[in-house]
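Structure, as structure tokens:
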Amino acid sequence: MNHRRSTEPHVTRRFSLSRMRRTPLSRAMVRATTAVGAVVGLGSCATNAAQDTWQPKGPNAKMIDDLQQPIFAVAGIIGIIVFAAVSYAIWRFKDRGQPIPEQTHGKPALEITLTVIPALILAVVGVFTFRVIFDLAKTDDTELVINVTGQQWWWEYDYPAQNEWGITQPIITSGQLVMPVGTKVLLRETSRDVIHSYWIPALNGKRDAVPGRIHTLRLEADEPGIYAGQCTEFCGLSHANMRMEAVALSKEDFATWVANQQAAYQSPAEGTLAKEGESVFLNQCVRCHQVDGLKRPDGSLAIAAPDENVWSGAAPNLTNLMTRNTFAGAMFDLLRDACRDDVWNAESAEFGAKYLAGVDEACLNVNDLRAWLRNAPEVKPMYANPALLADTNGKYRGMPNLGLSESDIDKLVAYLLTLK
Amino acid sequence: MFKVGSKLFLGTTGFAAVNLVAYLIFVERLAIGGVALSMLFAALIGVSAAVLMINDGDDETQPRDTALTRASMWPLIAAVGLVLLVLGLVVSQLYFIFGGIVLVAALAEWMVQAWSETASDDPAHNEFARRRLLHPIEFPVIATLGLGVVIFSFSRIMLAISKNAGTVAFMVLSALVLAVGSMFAIRPALKPALVSGICVIGAVGIVAGGIAGTGAGLRPQLAEAAAEDHFSHRECGPEKAKYFDKKAMKTLSLRSNVAAVIELRDGKLTADVYGFTRPQQQVSVPRANPVTFIFRNFDSAERRMVAYLGTAAAAMPVDGEMAGKHGDTNETCTQLIPQGAEQALTITYNKPSIAQDNDKPFTLTVAGLEGQAIEVVVP
Ligand SMILES: [Cu+2]
Chain A
1110 MNHRRSTEPH
1120 VTRRFSLSRM
1130 RRTPLSRAMV
1140 RATTAVGAVV
1150 GLGSCATNAA
1160 QDTWQPKGPN
1170 AKMIDDLQQP
1180 IFAVAGIIGI
1190 IVFAAVSYAI
1200 WRFKDRGQPI
1210 PEQTHGKPAL
1220 EITLTVIPAL
1230 ILAVVGVFTF
1240 RVIFDLAKTD
1250 DTELVINVTG
1260 QQWWWEYDYP
1270 AQNEWGITQP
1280 IITSGQLVMP
1290 VGTKVLLRET
1300 SRDVIHSYWI
1310 PALNGKRDAV
1320 PGRIHTLRLE
1330 ADEPGIYAGQ
1340 CTEFCGLSHA
1350 NMRMEAVALS
1360 KEDFATWVAN
1370 QQAAYQSPAE
1380 GTLAKEGESV
1390 FLNQCVRCHQ
1400 VDGLKRPDGS
1410 LAIAAPDENV
1420 WSGAAPNLTN
1430 LMTRNTFAGA
1440 MFDLLRDACR
1450 DDVWNAESAE
1460 FGAKYLAGVD
1470 EACLNVNDLR
1480 AWLRNAPEVK
1490 PMYANPALLA
1500 DTNGKYRGMP
1510 NLGLSESDID
1520 KLVAYLLTLK
Chain B
41 MFKVGSKLFL
51 GTTGFAAVNL
61 VAYLIFVERL
71 AIGGVALSML
81 FAALIGVSAA
91 VLMINDGDDE
101 TQPRDTALTR
111 ASMWPLIAAV
121 GLVLLVLGLV
131 VSQLYFIFGG
141 IVLVAALAEW
151 MVQAWSETAS
161 DDPAHNEFAR
171 RRLLHPIEFP
181 VIATLGLGVV
191 IFSFSRIMLA
201 ISKNAGTVAF
211 MVLSALVLAV
221 GSMFAIRPAL
231 KPALVSGICV
241 IGAVGIVAGG
251 IAGTGAGLRP
261 QLAEAAAEDH
271 FSHRECGPEK
281 AKYFDKKAMK
291 TLSLRSNVAA
301 VIELRDGKLT
311 ADVYGFTRPQ
321 QQVSVPRANP
331 VTFIFRNFDS
341 AERRMVAYLG
351 TAAAAMPVDG
361 EMAGKHGDTN
371 ETCTQLIPQG
381 AEQALTITYN
391 KPSIAQDNDK
401 PFTLTVAGLE
411 GQAIEVVVP
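Listed in order, the protein sequences are those of chains A and B. What the first sequence shows, in our numbering, is residues 1110 to 1529, in sequence order. What the second sequence shows, in our numbering, is residues 41 to 419, in sequence order.
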């Protein structure tokens, strides 16, 4: 049977682009394509992209990389072949008014071949993929366990007692995950509110943190340094500001860090600005933030009650705030730019000492910290509007604006600087 | 160009737009209602566009001038719905919702009927058009409602009669359903009137029974259990509790991704913590977050695990029902379970360990077993 085109000419023309003014359109398309191409091209050339998935810095990420490189190559070659074939067909058989060629149906040999070849390719890819998936799921070679709890919009880390690491009492921190290099670290992730996802691209793939479940993720870094990451499961208003950093220290430096985290609390000396800050802290902040060892004037331990004041039930523990380099879900630096660059760009031999120095008055990024204390929801969107508390049982999502005076902020900054 | 259908949908779209604007101005800017109305508006735009594009799906039937209308019950039902709706504004949300559903359904039926009656000269064709449009909606809705009433009535019967009578009633009824169903299947030529008659009689019987059952009230055991709160009261001693420990083996456990599995073996208690390679004597759990422990008993005696929740009101089992009931004892527990059984216990620790006396940390113990405890550390 001879198939002729049944569509009438005028119908075809109505939907054809040929009557549109050709030049501006194609010029616009060329420009757009160039722009997108340039962005993609330049983006993939960035040398200091902290979250580059193609630069593994540890064995787990290396395993993924070793898998994705060949798969990408195979997929790329197939992609080029397909694109070339399609382009050829488009050009060669484009509508020049010729009759529609004979339509054939059913060529078992061809169809079987075209099914079997992709199936074989997928099977080969599948075998290697499954091997990597199972290797990445291993937990029986763990050397250090760290609990990770996500909440809107920051990560909390706590280190269960592990005597081999000198951890005799629980350590709790936020934002920056501190871990020893060359060590098989296992994260036990969960969430206090919605689903989040933990991802340090240089060290491993992503793993969702799901309320009510505990998911494990292996991390191991080869070299001391800071590895940036980001929450990768949309979790509400400040999802984009929910960041994290993994800090790898040499084993000796890690031991120093652990010892410091467990050191007893030291109240500031009487008569100092910091001491005044401590009492402001007791009045304003302790209802949400725990500082382990901090005592009320009557000598009782100050126990924070974030479970009564914050929707997710938690606020960062500030006991050793100034030993970390970031705050508020690693959205802000605690270090001024110059000091921060000094730590980030340090040679791996010097990195540990620089990181362990923590934050002092000279290096403190006082502007961002003060802005945070002055009005946190203004610098990080958090739904912390006191007028809307009815929906959340009177609890805040994030840190509210506490209406502090500038002099209270002076005192608080002086006090926070002592938390090392 | 604009025929009945497209006019209808364009009108509805305009109405939705007005509603949306009014809602945004008068009610609230940032609320789920605004989103819902916007979506409705967008959907209606889509439907209107489709209806316009297919030219109402009409062939060239000419509507008549003189309408062949029949009497309609829908205005009456719509009026009842409207009254319920307005009444609901004052009395209860339930009336409001029910009235709204009745009103919308009646308006839809009314509109389709009015449209179909003027669709063509041929009344038979008009009725066909109406059925074609509405039966796919009417039949499932009516069937769901009808079956719902029958099932609900049956459940009232079961709650009222004694346990043994319940078993018998269930068997008799299912046998009847099977028999009648088989009969229908064997004789497909049965008169439709006979088939529907039998079904109606059965349904009416069950509904009547349900009404009678509701009148008679719960059977005595159920009434007593509800009054004495057998279902949610936990007794955590080493001995078997009369109600709480009933059917302990039938409790489902949450197997995956628990914080720790607490095992009792040879009189020793150990914690298998997900992620740790060796058994632990301590479990570290995040504060203010529900955590689940599984208790496994390998002892030959029946055992229960007890969680000590601290001196302050520091923690509570996640199950709100349980939380209030055991007041200030500050512990919760699993049921008493035999060898080889397991149970889950979910707890939220709201206060950190440092809020506790040093000699009384949060623990997991086994009732009646001295000297064995897993410490729960809350940083
Ligand atoms: Cu998140």
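Heads up, the beta-carbon is just placed ideally off N, CA and C, and yes, glycines get one too.
{"Item": "If distances are taken between C-alpha atoms only, which option among A/1375, A/1417, A/1241 and A/1174 comes closest to residue 1403 of chain A?", "Value": "A/1375"}
{"Item": "What three-state label does DSSP hand residue 1305 of chain A in the structure shown?", "Value": "strand"}
{"Item": "For residue 1333 of chain A, name the three-state secondary structure that DSSP assigns.", "Value": "coil"}
{"Item": "Does the separation of the CB atoms of residue 1261 of chain A and residue 1423 of chain A fall below 8 Å?", "Value": "no"}
{"Item": "Would you grab the beta carbon distance between residue 1400 of chain A and residue 1521 of chain A for me? Rounded to a whole angstrom, and I think it's under 8 Å.", "Value": "Incorrect: roughly 12 Å between the Cβ atoms, too far for contact."}
{"Item": "Return helix, strand or coil for residue 1106 of chain A, following the three-state DSSP convention.", "Value": "No answer is possible for residue 1106 of chain A: the residues shown for chain A start at 1110 and end at 1529."}
{"Item": "Assign residue 43 of chain B to one of three DSSP states: helix, strand, or coil.", "Value": "coil"}
{"Item": "At what residues does the alpha helix (DSSP H) containing residue 1374 of chain A begin and finish?", "Value": "Note, residue 1374 of chain A: premise wrong, no alpha helix (DSSP H); not H, not E."}
{"Item": "Which word fits residue 406 of chain B, buried or exposed, when buried means at least 16 other C-beta atoms lie within 10 angstroms of its C-beta?", "Value": "buried"}
{"Item": "Determine the DSSP secondary structure at residue 1124 of chain A, reduced to helix, strand or coil.", "Value": "Only weak support exists for where residue 1124 of chain A lies, its pLDDT of 38 falling under 50; the coordinates are left without a value."}
{"Item": "Taking Cβ positions only, does residue 1131 of chain A come closer than 8 Å to chain B?", "Value": "At residue 1131 of chain A, the pLDDT of 46 sits below 50, so the modelled position is not reliable; the number obtained from the coordinates is stated separately. Not one chain B Cβ lies under 8 Å of residue 1131 of chain A."}
{"Item": "Work out the CA separation of residue 1334 of chain A and residue 366 of chain B for me, nearest whole Å.", "Value": "Low local confidence applies: a pLDDT of 47 at residue 366 of chain B is under 50, so the model's placement there is unreliable, and no value is given."}
{"Item": "Per DSSP, what kind of secondary structure is residue 1379 of chain A in: helix, strand or coil?", "Value": "coil"}
{"Item": "With burial defined as no fewer than 16 other Cβ atoms inside 10 Å of the residue's Cβ, what is the status of residue 1514 of chain A: buried or exposed?", "Value": "exposed"}
{"Item": "Answer yes or no: the CB of residue 1342 of chain A versus the heavy atoms of ligand 1, is any distance below 7 Å?", "Value": "yes"}
{"Item": "Let me check you understand the geometry: is the CB of residue 1324 of chain A closer than 7 Å to at least one non-hydrogen atom of ligand 2?", "Value": "Absence of ligand 2 from the depicted structure is noted, with ligand 1 being the only ligands included."}
{"Item": "Got a sec: which bits of the region 1469-1494 of chain A sit with their beta carbon under 9 Å from any beta carbon on chain B, in order along the chain?", "Value": "none"}
{"Item": "For ligand 1, any of its heavy atoms closer than 7 Å to the Cβ of residue 1420 of chain A?", "Value": "no"}
{"Item": "Under 7 Å between beta-carbons, which chain A residues line up against residue 391 of chain B? List them in chain order, please.", "Value": "1412"}
{"Item": "Given a cut-off of 8 Å on the beta-carbon distance, is the pair residue 350 of chain B and residue 391 of chain B in contact?", "Value": "yes"}
{"Item": "Does any heavy atom of ligand 1 sit closer than 7 Å to the C-beta of residue 1259 of chain A?", "Value": "yes"}
{"Item": "At which residues does the alpha helix (DSSP H) containing residue 1342 of chain A begin and terminate?", "Value": "Looking at the DSSP string, residue 1342 of chain A is not in any alpha helix (DSSP H), and its letter there is neither H nor E."}
{"Item": "Specify whether the region 157-169 of chain B and the region 201-220 of chain B touch according to this definition: at least 3 beta carbon pairs, one from each stretch, less than 8 Å apart.", "Value": "no"}
{"Item": "Nearest-angstrom Cα distance between residue 1332 of chain A and residue 1173 of chain A?", "Value": "18 Å"}
{"Item": "Mind listing the chain A neighbours of residue 350 of chain B? Cutoff is C-beta to C-beta under 9 Å, in chain order.", "Value": "The premise fails here: residue 350 of chain B is roughly 11 Å from chain A at the closest Cβ pair, so nothing lies under 9 Å."}
{"Item": "Are there 16 or more other CB atoms within 10 angstroms of the CB of residue 1122 of chain A, so buried, or fewer, so exposed?", "Value": "Because the pLDDT at residue 1122 of chain A is just 36, under 50, the model does not fix this residue reliably, and the point stays unresolved."}
{"Item": "Report the three-state DSSP secondary structure of residue 1492 of chain A (helix, strand or coil).", "Value": "coil"}
{"Item": "I think residue 1452 of chain A touches residue 1463 of chain A, with their Cβ atoms under 8 Å apart; what is that distance to the nearest whole Å?", "Value": "5 Å"}
{"Item": "Buried or exposed: residue 311 of chain B, going by 16 or more other Cβ atoms within 10 Å of its Cβ?", "Value": "buried"}
{"Item": "So with Cβ pairs under 8 Å, would you call residue 1177 of chain A a contact of chain B?", "Value": "no"}
{"Item": "When you compare only the Cα positions, how much space is there between residue 1276 of chain A and residue 419 of chain B?", "Value": "13 Å"}
{"Item": "Quick one: is residue 1123 of chain A near chain B, going by C-beta distance under 8 Å?", "Value": "With a pLDDT of 38 at residue 1123 of chain A, under the threshold of 50, the predicted position of this residue should be treated as unreliable, though the coordinate-derived value follows. Taking Cβ atoms only, chain B never reaches closer than 8 Å to residue 1123 of chain A, which makes this a no."}
{"Item": "Could you compute how far the alpha carbon of residue 1383 of chain A sits from the alpha carbon of residue 1181 of chain A?", "Value": "56 Å"}
{"Item": "Tell me the rounded alpha-carbon separation between residue 1427 of chain A and residue 1282 of chain A.", "Value": "8 Å"}
{"Item": "Does any C-beta atom of chain A lie closer than 8 Å to the C-beta of residue 361 of chain B?", "Value": "Caution applies to residue 361 of chain B, whose pLDDT of 40 falls short of 50 and renders its modelled position unreliable; the model cannot decide the point."}
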